[in-house]
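Chemist: Residue numbers (the working numbering), protein chains in the order written: chain F, 39 to 443; chain U, 39 to 443; chain B, 39 to 443.
Backbone N, C-alpha and C fix where the C-beta goes; we use that ideal spot for every residue, glycine too.
First the structure, then my questions, so here it is.
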Amino acid sequence: MTSAPIDAGTSYTRKPSTHIAALTEVGRGKPMGELLRRYWHPIGLVGDAGATPKAVRVLGEDLILFRDGRGKAGLVEAHCCHRGTTLYYGRVEERGIRCCYHGWLFDTQGHCLEQPCEPENGLKRDRVRQPWYPVQELYGLIFAYMGPPEKKPVLPRYECLERLEPDEMVEADDSSIGSGGGTIVPCNWLQHYENIPDAFHVPILHGAFSGVQFVAQMGIMPKVKWEYSPIGVKTISARVLDDGRVHYRVTEAALPTLRVVPNPRVERYVGVESLGWTLPIDDTHFRIYVAGRVNAKGDLGRKRSRMNGKLWDELTPEEHQQFPGDWEAQVGQGPIACHSDEHLATSDQGVVMLRRMLQRQLEAVAAGGDPAGVSFDPATPPVVFEAGNYIMQRNDAKAVELLDA
Amino acid sequence: MTSAPIDAGTSYTRKPSTHIAALTEVGRGKPMGELLRRYWHPIGLVGDAGATPKAVRVLGEDLILFRDGRGKAGLVEAHCCHRGTTLYYGRVEERGIRCCYHGWLFDTQGHCLEQPCEPENGLKRDRVRQPWYPVQELYGLIFAYMGPPEKKPVLPRYECLERLEPDEMVEADDSSIGSGGGTIVPCNWLQHYENIPDAFHVPILHGAFSGVQFVAQMGIMPKVKWEYSPIGVKTISARVLDDGRVHYRVTEAALPTLRVVPNPRVERYVGVESLGWTLPIDDTHFRIYVAGRVNAKGDLGRKRSRMNGKLWDELTPEEHQQFPGDWEAQVGQGPIACHSDEHLATSDQGVVMLRRMLQRQLEAVAAGGDPAGVSFDPATPPVVFEAGNYIMQRNDAKAVELLDA
Amino acid sequence: MTSAPIDAGTSYTRKPSTHIAALTEVGRGKPMGELLRRYWHPIGLVGDAGATPKAVRVLGEDLILFRDGRGKAGLVEAHCCHRGTTLYYGRVEERGIRCCYHGWLFDTQGHCLEQPCEPENGLKRDRVRQPWYPVQELYGLIFAYMGPPEKKPVLPRYECLERLEPDEMVEADDSSIGSGGGTIVPCNWLQHYENIPDAFHVPILHGAFSGVQFVAQMGIMPKVKWEYSPIGVKTISARVLDDGRVHYRVTEAALPTLRVVPNPRVERYVGVESLGWTLPIDDTHFRIYVAGRVNAKGDLGRKRSRMNGKLWDELTPEEHQQFPGDWEAQVGQGPIACHSDEHLATSDQGVVMLRRMLQRQLEAVAAGGDPAGVSFDPATPPVVFEAGNYIMQRNDAKAVELLDA
C-alpha cells in the first residue's frame, strides 16, 4: 500500500460565501439604498410618461409613471392609498390619475383631488396623500428623487450633453446599451458599475476571448492607472498603436451610478459623447439609461456590440457560451457576487478604489453629511468629465508618464 | 441661490407595509384559519368526486377527492399515511381508494381496509387511519368540514335555494362567477369578500370607469347604508331611476364566506337567486363556488361580465389595463393587501363593519365559544336572506328613510 | 334533535409534518451531506468532460466539468476565484480552463497558471487556488470526491463490472434508468434509495396496479427477508413459479447510494449485471448514473420500463395518473417525504434497516471514524455482491428456508 499525497485547495475547505450587503443592497433603510436615494436617477424616457400608466420598478419600489393632461409627469407609489389597488389600472386625466376601484383622483404630487363616493367629493380628502416622488425631465429622460425631502439636491447637468455641435442632438435610450445584453439585466447593479474601472477585462473579454467585440486596437493590452475624481474614479489607459502614436483613454465611474465611457469603437478622438446611468431595479436586477450626442435619431442604438457577428439577442445558447461578453461575465457572477470568495489583484485596483469611494460616501451619510456630487445650489455649473478617447505622440508628457512608469 | 420648498408626503416617508394576519391567513392554527374551519365549505362540484382521484387545495391543505364504487364521496389527505405517496395516483375501488405504492386501501373515512403486503392483509391495520374530512352533498356541491370534530355544525340550508318555482332548478358552478376573472384568483380571499359590502365601487369600477359592465342603472350613484345581520353585513342601496321609481338593492356578506349578491344585471326585481362561496385555496389564492336557481342548465355561466364587450379571458393585456373589473381591482391590491397603507373613508363603512364582524368571531372562538351562524341542531330551518333587487315608489317608507337621510 | 357521533381520525388532528433532516439533506456541513462526502460519486459520463465547459450540480454545489488539452478531466467550483464569473463561459485550453473575464488560467487541480492582466502574468498567482475536486474515470463514468482531503478513499471497483464475458462490454448511461421517469427527478434522493429494499412495492406498483411493467412473474407476491451486508442492506425474495421452481432474487442497497438491482425483466438467471448510483443533485433533486455489462452499445437504454405500452415521456397526464410507476410513487411523496406522517409496517423492514444502517454511518462519522465501505488501500479487491436473479428447485435449502419460514 502506498500513501497518496493529500489534496490541497479543494472546494471542501471553502468557507461559506457572502456578499457585501452595505455596497449592494438598495432597499429603503439599507446603507446603499439610502446613499443612492440622495441622488436623482433616470426612471424612464420622457415618452414613457403619458396617458397610459406605466409600471416602473426602481430601488426595489413599485411605482407608476404617468403624465397628466396638462403635460406634467407624475411618479407615484403603485398601490392607491385608499384601498391598495394598483394605479396601473388607473385612468390618466387632465389633473392627475384616478384609481379604478373607487375613483380617487390624485395629482402628480399625490394630492387627493376627488373622492367621488364620499360626501361632497371628500370633505377630508386633504388628509390623505398618495405617496409620490418628485421628477424632472432632462436630456430626454425623466429623473426621480426618492430620498429624504430635505436632502433633495439640484438635478445635475453635464457639459458633455450641453455643448452640442451644430449638427448634433441629444438622444436618450432605455435599452441598456453597455450592458452587453438585454434591457433588464438579472444581477446586482454593482457588478456592472464595477466593470467601468475594470480596464483590464477589455483586452481579454472583448478582445482575446470572444474575438473583436469593439475594434482591434481595444484588444491591445494597455498600461493603466486610476485616480479619484471629485465624484468617482477615473481609469486612464494608454495603448501604443501600430503607427507609434498613443491611444490615451479616460473612463470615469461617477456618483451615483454613472457610466462615463467613451465610445469603445473609437470612431474619433474626442471627449466622451454619452452618459449611462446604471439604475438598480432591485437587489438582483438593473437596467441602463443612456443619453448621448448624436447626429441622427437612432444613432445610439446602432452602437450595440456584436459577438460572433450577431447581436446578443440573436445568439444561440451555445454561442452565448462560446462568445461571452459583458452580460455573461457580470450575470455569471451570480445574482449578487460572492465577495468573500474574491481574490483581487493589482489589476483590480480600480474596483478596489470604487468600493472605497462608495464606502466613504456611506460613512458620510451615516455621519449625517452629504455624499459627494450633490449640490443644493441651482447655479451649480454642469459637471465636466475628463473622459474621452485621445490620440497623442509617444513622447507626449502624459503618455510618457503612464507608459514609462 | 433660491431655496426650494421641501416636498411633503413623498413615498420616502412611508412606513413599512403590513397586512392584518389575523383576518387573512387561513392555515391551520392561524386565527382566521381556525375560524373558517368551524364552518362547512364547498370544495368541489358533485361531479368532481368520481372514479378518478381529484386533487383539491383548500385552506392551504392538499387533499384528494373521490367517490367510492358505492357512491360515497371521500376527501382525504393527499399523502398516504403509510409512506407518503400521493393518493392522486391511487385507484378508486368499490370500498375506497387504494394507494399505488403498496396497495393500502382506505374507505371514505380513512379506515384502512387492506394492507396487501402485510401478513393476513394487515393484522394491525386498524391502528392506522388515513387523515380525512367529512363531506356532505347539497345544491350540486360537495361541502367539507375541516375543523375540530367536536365542533362540527350541521350543514346549513338556504331558503333562496330551497323554494323553487315549477320551472326552476338549482345549478352549481365552479368557474368563480363573480370574481371578474378566471377560476383561480391569485390574491387573498378577504380582498374578494370585502368587495361585497363595498357598494360604492359599483358605479365607479363597473360604471364610470370601464363602461357599463352590468347594466346602465347600476352606474347611478346610490345612497347606501349598512346593517349587521345575524351572520354578516347587509348593504342596502337605493338608486332613483329615470322614471322616478327607486331601485332598492340589498346585498349580504354572510358567514363564513358567502356572497349573497342579487343579479347585478337586474333582470327582474326579486330576492337573491344565487349564492357564492369564496373559498380560500391558501393565503394568496381563492376561488368561488356558486349555486343558483335557474331555468336551464348553463344559465349561471351565461351571467359572466363583459368588459369592452369581451369575456375576461378574451382581453388583451392592454384591454385589461384599460377596462379593469373586479379581478384587476382585487388582484391589483397585491397577493395580500397591505392594510397598514389604507385610508378608509365613510364610504368604506361596510368594509369596516365586515372586519369588525370577523374580529368578533375570532374573539368568540378564542374565548372557547362558537362563531355566529353555526348550529348543531339538525332541525335548524333554512337561512333566510333579505338580499334582492326590489322596485318601489319614491315615497315608499324604506326609500324615504334611505334617500332622505 | 339527535346527536351525531363525533368523527375520529380527521385530518384536523394531524400534527405538523416534518422530515428527517439528518438522513435527507445533502449540503456541506449537514450530517448526511458530510457522510456522502466521504465517498466517490459519479458526476458525469467520461464524454461529458471535454473542450466545452459543462455545468454540473452535485450535493447542492455548482461545479464545472471539463477536460484539458492533455486529456485530464477537471472539476472546479463554478465561480472563478478572482472575481466570481462562472467558468461555464470559460475556455478550455491545453493546460486548463481560462476565465472569460480577465483570463486567469487554472489547471485541473485549481492551480492558477496565468494572470494575463497582472505584471509578469501574476507574481502572486501561486497564492490563489480555484476550488476543485479530485476526479477519477472508471466504467465510462467520471467519479468525484468532494469530502475532506485527508479522508479520500480509494475509488472502489466492483466485480460485476470487472468480470466480462468475451462478448460483453461495460456501458455507462446518464439518463436515470431505474428512476421510472426522466433524467432529473424532482424529489429527495432517499425516496429513491429506500425504494431498493422495498421489495413489496414490486407486485403492487409494477404488477397489480399499472399492469405488467416488467414481466408477469415479478407480479407474484414474494416471500421476503432482509439482511445487512457489510456495506448495506440485502433484500432476498422468493417467488414460486407456475412450473414449481423458485425465482430467488437478491437486491442490494449499498453505500453510499448504490442500486445493485438485478434485471427486473429477468431475461436470464445470473448475478447482477449493472450498478446504479443515486446521485443527490441537491435536497430536492436526484439523478442516476448506471454502468452495466452489455453485448452492444445502447443495450442499457433499451431496458427502460413501459407503462401502458409507452415510455414515460410519451404518457399523457391522464396516463401518468392511471399508470403510475416508480417516478410517480416517489415524486408523489413530495420534494422531501414527511417522515413524521409515516406508518411503517412489517413489509417496510428493509426501509427501516436501510435507515438504521445510514444512521450508524452518521454516528461513525460524528464520532470521528470512517463509514462502512471506504478503504484507503489501493490493493482493495473489487466489491462482490450477492445480488442477482437465480432459479432453484422448491426443495433447495435456500428456498425452503425462506418460503417455509
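(1) At the level of alpha carbons, what is the spacing between A237(F) and T273(F)?
(2) Roughly how far, in whole angstroms, is the beta-carbon of C137(F) from the beta-carbon of L125(F), given that I think they are within contact range, below 8 Å?
(3) Output the distance between the C-alpha atoms of W315(F) and R344(F), rounded to the nearest integer angstrom.
(4) List the residues that DSSP assigns as beta-bridge partners of I429(B).
(5) Starting from the C-beta of Q174(F), find all residues in its chain whose C-beta is less than 6 Å away, skip the five residues before and the five after it, and write them out in chain order.
(6) Identify which residue in Y127(B), H358(B), S385(B), R121(B) has its Cα closest to the Cα of S248(B).
(7) Give the secondary structure of M39(B) by DSSP, where H, G and I count as helix, E and B as strand, and everything else as coil.
(8) Considering only the alpha carbon of each residue, which of I44(U), A60(U), T51(U), P43(U) lies closest to H377(U)?
(9) Here's a check: name, in chain order, each residue in its chain whose Cβ is nearer than 8 Å to the Cβ of L441(U), leaving out the five neighbours to either side.
(10) G134(F) to A367(U), Cα distance in whole Å?
(11) What does the alpha-carbon distance come out to for the pair A111(B) and R303(B)?
(12) According to DSSP, which residues form a beta bridge with H149(B)?
(13) Is the Cβ-Cβ distance between E63(B) and D379(B) less than 8 Å?
(14) With a 10 Å radius around its C-beta and 16 neighbouring C-beta atoms as the bar for buried, classify K92(U) as buried or exposed.
(15) Distance cutoff 8 Å, beta carbons only. Does Q174(U) sit that close to anything in chain B?
(16) Rounded to whole angstroms, what's the CA-CA distance from G107(U) to E131(U)? Just pull it up for me.
(17) In chain order, what residues of the same chain lie with their CB nearer than 6 Å to the CB of N346(B), ignoring the 5 residues before and after it?
(18) Classify I222(B) as buried or exposed, calling it buried when 16 or more other Cβ atoms lie within 10 Å of its own Cβ.
(19) Could you please give me the residues that DSSP links to K263(U) through a beta bridge?
(20) Counting Cβ pairs closer than 8 Å, one from the region 196-206 of chain B and one from the region 154-170 of chain B, do we hit at least three?
(21) Please compile the residues from chain F whose C-beta is within a distance smaller than 9 Å of the C-beta of M184(B).
(22) Give me the residue from L400(U), I429(U), R167(U), Q387(U) with the minimum Cα distance to W264(U).
(23) Does DSSP classify Q174(U) as helix, strand or coil?
(24) Would you call the CB atoms of G370(U) and T295(F) closer than 8 Å?
(25) Which partner residues does L400(U) have in the DSSP bridge list?
(26) Taking P362(U) as the query, report the chain F residues whose CB atoms sit under 7 Å from its CB, ordered along the chain.
(27) From which residue to which residue does the alpha helix (DSSP H) around V369(B) run?
(28) Ignore the nearest five residues each way along the sequence and tell me which others in G426(U)'s own chain have a CB closer than 8 Å to its CB.
(29) Looking at the C-beta of D379(F), does it have a partner C-beta in chain B at a distance below 8 Å?
(30) Which residues, taken in chain order from the region 178-208 of chain B, show a beta carbon closer than 9 Å to some beta carbon of chain F?
(31) Out of I319(B), E197(B), R342(B), point me to the one whose CA is closest to V421(B)'s CA.
(32) Could you check the C-alpha separation between E72(B) and T90(U) for me, to the nearest Å?
(33) Name the chain U residues whose beta carbon is nearer than 7 Å to that of T221(F)?
(34) I180(F) bridges to which residues according to DSSP?
(35) Please classify R105(F): is it buried, with 16 or more other beta-carbons within 10 angstroms of its beta-carbon, or exposed?
Modeler: For this structure:
(1) For the purposes of this step, residue 237(F) is identified with residue 199 of the first sequence, where counting begins at 1. For the purposes of this step, residue 273(F) is identified with residue 235 of the first sequence, where counting begins at 1. Near 7 Å, if we compare the C-alpha coordinates of T273(F) and A237(F).
(2) Position 99 of the first sequence holds residue 137(F). Position 87 of the first sequence holds residue 125(F). Between L125(F) and C137(F) the Cβ distance is about 6 Å, and since that is below 8 Å, they are a contact.
(3) For the purposes of this step, residue 315(F) is taken as the residue at position 277 of the first sequence. For the purposes of this step, residue 344(F) is taken as the residue at position 306 of the first sequence. If I take the Cα positions, the gap works out to 21 Å.
(4) What you label residue 429(B) is simply residue 391 of the third sequence in a count that begins at 1. H285(B).
(5) The count along the first sequence starts at 1 and reaches residue 174(F) at position 136. Residues of the same chain with a CB within less than 6 Å of the CB of Q174(F), apart from the 5 flanking positions on each side, are F181, L193 in chain order.
(6) Working through the third sequence from its first residue, we reach residue 248(B) at position 210. Of the listed residues, the one whose Cα sits closest to S248(B) is H358(B).
(7) Taking the first residue of the third sequence as 1, we reach residue 39(B) at position 1. Confidence in M39(B) is poor, its pLDDT being 44 and thus under 50, which makes the residue's placement unreliable; the coordinate value appears in the next sentence. Looking at M39(B) - three-state DSSP - the assignment turns out to be coil, as it is neither helix nor strand.
(8) Your numbering for residue 377(U) matches position 339 in the second sequence. Ranking the options by Cα distance to H377(U), first place goes to A60(U).
(9) Residue mapping note: residue 441(U) aligns to position 403 of the second sequence, counting from 1. Once the five neighbours on either side are set aside, the close Cβ partners of L441(U) are K261, A276, V278, V284, R432.
(10) What you label residue 134(F) is simply residue 96 of the first sequence in a count that begins at 1. What you label residue 367(U) is simply residue 329 of the second sequence in a count that begins at 1. The straight-line gap from Cα to Cα measures roughly 19 Å.
(11) Within the third sequence, numbered from 1, the residue matching residue 111(B) stands at position 73. Within the third sequence, numbered from 1, the residue matching residue 303(B) stands at position 265. Taking the straight line joining both Cα atoms gives about 36 Å.
(12) Numbered from 1 along the third sequence, position 111 holds the residue referred to as residue 149(B). H149(B) is bridged to R167(B).
(13) Position 25 of the third sequence, counting from 1, holds the residue named residue 63(B). Position 341 of the third sequence, counting from 1, holds the residue named residue 379(B). Not in contact: E63(B) and D379(B) (Cβ atoms no closer than 8 Å).
(14) Locating residue 92(U) in the second sequence gives position 54, where the first residue counts as 1. Its Cβ being crowded by 16 or more others within 10 Å, K92(U) is buried.
(15) By 1-based counting over the second sequence, the position of residue 174(U) is 136. Not an interface residue.
(16) Residue numbering aside, residue 107(U) sits at position 69 when the second sequence is read from its first letter. Residue numbering aside, residue 131(U) sits at position 93 when the second sequence is read from its first letter. Cα to Cα, the separation comes out at about 6 Å.
(17) Position 308 of the third sequence holds residue 346(B). Correct list, in chain order: E357, F361.
(18) Along the third sequence, read from residue 1 onward, the residue named residue 222(B) stands at position 184. I222(B) comes out exposed.
(19) Mapped onto the second sequence, residue 263(U) falls at position 225. K263(U) is bridged to I274(U).
(20) no
(21) Within the third sequence, numbered from 1, the residue matching residue 184(B) stands at position 146. Correct list: T48, S49, Y50.
(22) In the second sequence, residue 264(U) corresponds to position 226, counting from 1. Closest option to W264(U), judged by alpha-carbon separation, among L400(U), I429(U), R167(U), Q387(U): Q387(U).
(23) Residue numbering aside, residue 174(U) sits at position 136 when the second sequence is read from its first letter. Reduced to three states, the DSSP call for Q174(U) is strand.
(24) Counted from its first residue, the second sequence places residue 370(U) at position 332. Counted from its first residue, the first sequence places residue 295(F) at position 257. No.
(25) In the second sequence, residue 400(U) corresponds to position 362, counting from 1. L400(U) is not bridged to any residue.
(26) If you number the second sequence from 1, residue 362(U) lands on position 324. Going along chain F in sequence order, the residues near P362(U) (Cβ under 7 Å) are Y127, C138.
(27) Taking the third sequence and counting its residues from 1, one reaches residue 369(B) at position 331. 364-369 is the span of the alpha helix (DSSP H), which, as asked, contains V369(B).
(28) For the purposes of this step, residue 426(U) is identified with residue 388 of the second sequence, where counting begins at 1. R287, V288, P300, Y307, V308, G309, V310.
(29) One-based indexing of the first sequence puts residue 379(F) at position 341. Cβ-Cβ to chain B under 8 Å: yes for D379(F).
(30) Y183, M184, G185, P186, P187, E188, K190, V192
(31) Translated into positions along the third sequence, residue 421(B) becomes position 383. Closest by alpha carbon: E197(B).
(32) Translated into the one-based positions of the third sequence, residue 72(B) becomes position 34. Translated into the one-based positions of the second sequence, residue 90(U) becomes position 52. Inter-residue distance for E72(B) and T90(U) is about 43 Å (C-alpha atoms, whole angstroms).
(33) Numbered from its first residue, the first sequence carries residue 221(F) at position 183. Those within 7 Å of T221(F) in chain U number zero; the least Cβ separation is about 18 Å.
(34) The residue you call residue 180(F) lines up with position 142 of the first sequence. Paired residue(s): G82(F), E175(F).
(35) The residue labelled residue 105(F) in the question sits at position 67 within the first sequence. Buried: at least 16 other Cβ atoms inside 10 Å.
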